[in-house]
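Numbering (my numbering), first residue to last: 41 to 305.
Next up, the structure:
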């Protein structure tokens, strides 16, 4: 007999206070998820309390926390929940989110979790393909430098591994660093200098091109990545395009939901 329990799909993001990039990234990911799973009612939650409060005060926009979204789904009669984070790695934010959701498992028939963006080797290859479609012919005298967020969590090793995989897949002049961990800006400068390029294109390796991309990466301040590369003698171009704007990235999130839906757990 077919199970007719009401199904919910909860898209969980860190969030952003930059509405322009939210529309191109988080909203676009959620639209693709909703279109791919029409038998699930789509819900949204953000994990950054600071950004949630900022939007409520500045724009009068109300975003649920994970716990609030779970309560909302249960009140709406949802009994089976699939949770898909838009997080890049399985770090602190993702672990906290899973813990918040698990508190509701006794009140639901089933909870399934989709994987963060970079979870498997297959994911890494798919992500590289998706972002490099934007740069089909990177000249030998140019480097492409992605800015990831970084974390003190051990999952930060994913960034180091992905940097190596870029090289392994034939992109020797592509580098991936982080704002808050390793590889750092200092490491990137040494590596980019060593490859002998004259021009550097900076791009965010974050779902949204938010404050980090606009300030830490491309800002005019002397400690921004842009300023530091320029001071080091490189010609610098910045591309403010979050990962959520790449169709291949959104497709990967859809695939992760599909895998979660078909899981037996």
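We treat Cβ as the ideally placed atom computed from N, Cα and C, and that holds for glycine. Since this is a predicted model, take the numbers as computed values, not measurements.
Chain-order list of residues whose beta-carbon lies under 7 Å from that of residue i (same chain, five-residue window excluded)
| i | result |
| --- | --- |
| residue 166 | 288 and 292 |
| residue 257 | 187, 242, 244, 264, 265, 266 and 278 |
| residue 225 | 217, 265 and 268 |
| residue 106 | 52, 85, 87, 137, 140 and 141 |
| residue 110 | 141 and 144 |
| residue 94 | 57 |
Identity of the residues DSSP links to residue i by a beta bridge
| i | result |
| --- | --- |
| residue 244 | 187 |
| residue 82 | 49 |
| residue 218 | 188 |
| residue 20 | Nothing about residue 20 can be read from this structure; the chain reaches only from 41 to 305. |
| residue 277 | 241 |
CA nearest to the CA of residue i, picked from the options
| i | options | result |
| --- | --- | --- |
| residue 195 | 160, 177 and 106 | 160 |
| residue 23 | 279, 119 and 88 | Coverage of the chain is limited to positions 41 through 305, which leaves residue 23 absent and any answer about it impossible. |
| residue 201 | 74, 173, 129 and 248 | 129 |
| residue 108 | 51, 153 and 80 | 51 |
| residue 181 | 212, 188, 99 and 69 | 212 |
| residue 3 | 133, 250, 303 and 295 | The displayed coordinates of the chain run from 41 to 305. Any statement about residue 3 would go beyond what the structure contains. |
| residue 77 | 176, 84, 64 and 48 | 48 |
| residue 72 | 298, 300, 303 and 290 | 290 |
| residue 232 | 144, 270 and 148 | 270 |
| residue 173 | 295, 198, 285 and 119 | 285 |
| residue 297 | 171, 204, 184 and 151 | 151 |
Chain-order list of residues whose beta-carbon lies under 8 Å from that of residue i (same chain, five-residue window excluded)
| i | result |
| --- | --- |
| residue 275 | 238, 239 and 240 |
| residue 59 | 99 |
| residue 46 | 81, 116, 117, 118, 119 and 120 |
| residue 235 | 183, 212 and 213 |
| residue 168 | 202, 205, 206, 209 and 211 |
| residue 96 | 102 and 103 |
| residue 255 | 261 and 264 |
| residue 229 | 268, 269 and 272 |
| residue 148 | 114, 118, 119, 120 and 121 |
Residue environment, residue i, which counts as buried when at least 16 other CB atoms sit within 10 Å
| i | result |
| --- | --- |
| residue 126 | buried |
| residue 39 | Nothing in the structure corresponds to residue 39, since the chain is present only between 41 and 305. |
| residue 115 | exposed |
| residue 222 | exposed |
| residue 142 | exposed |
| residue 209 | exposed |
| residue 145 | exposed |
| residue 164 | buried |
| residue 253 | buried |
| residue 302 | exposed |
Sequence-distant residues of the same chain with beta carbon closer than 6 Å to residue i, five excluded per side
| i | result |
| --- | --- |
| residue 62 | 56 |
| residue 86 | 53, 55, 92 and 103 |
| residue 135 | none |
| residue 220 | 190 |
| residue 155 | 296 |
| residue 283 | 247 and 289 |
| residue 42 | For residue 42, the predicted model reports a pLDDT of 48, less than 50, meaning its position is unreliable; a value from the coordinates is still stated below. No residues qualify anywhere along the chain. |
TODO: Report the residue ranges of all alpha helix (DSSP H) runs contained in full by the stretch 127–204; include only those spanning at least 4 residues, in chain order.
DONE: 132–142 and 161–172
- [ ] Give, in chain order, every unbroken run of the alpha helix (DSSP H) that is at least 4 residues long and sits entirely within the stretch 256–300.
- [x] 265–271
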